[in-house]
Amino acid sequence: MVVVSSGGMYNTAFPSWADATNTGISRYDGQLAYAYAKRGQVLLCERWAQLYDSRVKVVSCHPGWTDTPGVDSAYGSAKSYLQPLRTLWQGAEGIIW
């Protein structure tokens, strides 16, 4: 089982359930919602790895900082700090390898 995580999760820990599901009083933040989802995937992979033991190989991987519309939207001109960015092909190739 291969799950693709993201560097977008690095700036926050997994929050309270109310914040993660936006059912509390917190205002919706798209970047945080994305980070929570990606962090949740990694936590889910850890749980699956325990649950399935050696019967199923569970891998959570990061494609490297890849030049995507999401990176453009999230970082704008500040994405230059992430250089060198990988192409979409390079990001996918690393995961497939």
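The opening residue of the sequence shown carries number 107 in our numbering; numbering runs sequentially from there. Glycine included, each C-beta is placed from N, C-alpha and C at the ideal position. Note that the coordinates shown come from a computational prediction; the quantities given were computed from them, not determined experimentally.
- Note: R192 is bridge-paired with T172 in the DSSP secondary-structure output.
- DSSP places S166 in the strand class (E or B) of the three-state scheme.
- Per DSSP, the continuous alpha helix (DSSP H) segment holding Y158 begins and ends at 136-158.
- Here the segment 109-116 makes contact with the segment 165-173; the two share three or more CB pairs at distances below 8 Å.
- V110 has C167 as its beta-bridge partners, per DSSP.
- Here the C-alpha atom of E152 lies approximately 30 Å from the C-alpha atom of Y187.
- In this structure, W171 places its C-beta atom within 9 Å of the C-beta atom of G113.
- With respect to the 9 Å criterion, T118 and A141 are classified as neighbours on the basis of their beta carbons.
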